Amino acid sequence: MNAELAELPTVVDIKTAARALGLSRTYAYQLAKQNQFPCKIIRVGTCYRVPTAALQALLSSDSSEHCSCQSP
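Following the numbering used here, the numbering of the sequence shown begins with 658 at its first residue and continues without gaps.
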């Protein structure tokens with residue numbers, strides 16, 4: 658997975674970020690709309706983008722400290 662993350666562009670869509678975090682697409686959008694996504698989200702119109710650096714930082718850190726979300 659680290660090799661895949663290293664090849665990502667500067668920002669990714671929320672579906673890609675959700676897949677990296679093991680979240681469903683629906684749950685990721687729900688978290689984003691509630692401002693509870695586990696890392697930084699950039700909203701561009703109706704689209705959500707996640708900075709790859711923020712995603713990498715979250716995945717490389719101790720996820721029990723930073724990601725308290727669980728898929729329902």
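Idealized CB from N, CA, C, for every residue including glycine. Keep in mind the model is a prediction, meaning the values are calculated, not measured.
In this structure, Val701 lies away from Ala674, with their beta-carbon atoms at least 7 Å apart. Taking the C-beta atoms as reference points, Ile698 is found nearer than 7 Å to Ala689. In the DSSP assignment, Ile699 falls within the unbroken beta strand (DSSP E) covering 699-701. If you look at Ser717, you'll find it in the alpha helix (DSSP H) that goes 709-717. Counting along the chain, Thr673 sits inside the alpha helix (DSSP H) bounded by residues 671-678.
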